[in-house]
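By full-length UniProt numbering, the letter at position 136 of the sequence shown is numbered 136, and the numbering carries on one by one without gaps. Shown next, in structure tokens, is the structure this report addresses.
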Amino acid sequence: MTYVKLTDHQSAQALAVMCRFLGLEGLQAVLGEALLKGASYCALDEQHMVFSQGQPGDYFYLILGGRVDTLRLSAEGEEHIIHHVVAGQLLAPIVMFMKDGRYPVSCRTAEPTQLCRMSRASLHKTCLSHPQLAMQMLELAGRALNTRIDEMDNLVGRNAAERLANYLLRLQPQASSGLIHLPLNQRQLATKLGVRAETLNRLLADWQRQGLVVGQRRDWTIPDRGALSGVANRVA
1 MTYVKLTDHQ SAQALAVMCR FLGLEGLQAV LGEALLKGAS YCALDEQHMV FSQGQPGDYF
61 YLILGGRVDT LRLSAEGEEH IIHHVVAGQL LAPIVMFMKD GRYPVSCRTA EPTQLCRMSR
121 ASLHKTCLSH PQLAMQMLEL AGRALNTRID EMDNLVGRNA AERLANYLLR LQPQASSGLI
181 HLPLNQRQLA TKLGVRAETL NRLLADWQRQ GLVVGQRRDW TIPDRGALSG VANRVA
């Protein structure tokens with residue numbers, strides 16, 4: 001894995017993408033000088049490790065293209081996908097403020113991916129001199145916490161059908177066409193939802209017969225969001 005200095009074009013692209021993601025378009029000049037001056041670029045193939053759990057967390061990343069997954073291994077050696085980070089988003093910015101300074105998860109590319117790598121030191125320095133950036137980091141931490149709470153809520157007190165229905169509905173926003181591309185294969189999704197792969201396959205097959213979902217493998221459509229919402233919110 002080789003990181004090289006950003007070209008002028010890559011630097012301009014990274015700056016625009018990062019400021020748009022953070023909502024800090026007014027700080028482009030500042031962030032460009034403070035964060036990207038020492039930044040580097042890398043293009044990785046699919047299934048390439050970006051960093052490993054427990055490794056010193058010296059860098060955070062901007063995903064310029066592609067997608068990465070964060071993951072952990074269970075005590076039994078089973079892989080759990082924690083989060084997906086897609087083009088236009090930051091990877092591991094909150095880790096830069098963790099006391100032990102180590103990555104709590106591993107990260108692997110899910111497809112060919114282009115990364116802009118920035119240092120922990122540059123982020124700390126820029127946050128100290130520009131409170132707007134520090135506030136955005138806190139907002140990112142809050143969003144991440146809220147996402148984890150939602151995921152835990154989906155696991156506690158819900159059966160397999162309710163968990164799967166909630167997961168699919170979160171992937172398909174209210175105003176979208178109903179098309180969904182699952183970011184996980186069915187084995188990984190079953191692990192994430194805490195159900196057996198056989199149960200997941202049976203639910204999808206049953207729902208297809210009922211007309212709740214249409215598709216196969218990773219590509220699905222929700223013809224009637226209201227009907228699937230009824231499954232997700234069913235009270236025993």
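Glycine residues also receive a C-beta, built at the ideal position from the N, C-alpha and C atoms.
Check, Outcome
"Burial state of M1, where buried means 16 or more other Cβ atoms lie within 10 Å", "exposed"
"Where T147 sits in the DSSP three-state scheme", "helix"
"Cross-strand partners of T191 (DSSP beta bridge)", "None; T191 has no bridge partner."
"Beta-carbon separation (whole angstroms), F51 vs C107, contact threshold 8 Å", "5 Å"
"L24 vs L15 beta-carbon contact at 8 Å", "no"
"Helix, strand or coil at D224 according to DSSP, with G and I counted as helix", "coil"
"DSSP three-state assignment for H48, whether helix, strand or coil", "coil"
"Assumed close pair V231, E151 - CB separation to whole angstroms, cut-off 8 Å", "Contact flag wrong, Cβ pair sits at about 18 Å."
"V95 and R67 closer than 8 Å at C-beta", "no"
"C-alpha distance - N185 paired with L179, whole-angstrom precision", "16 Å"
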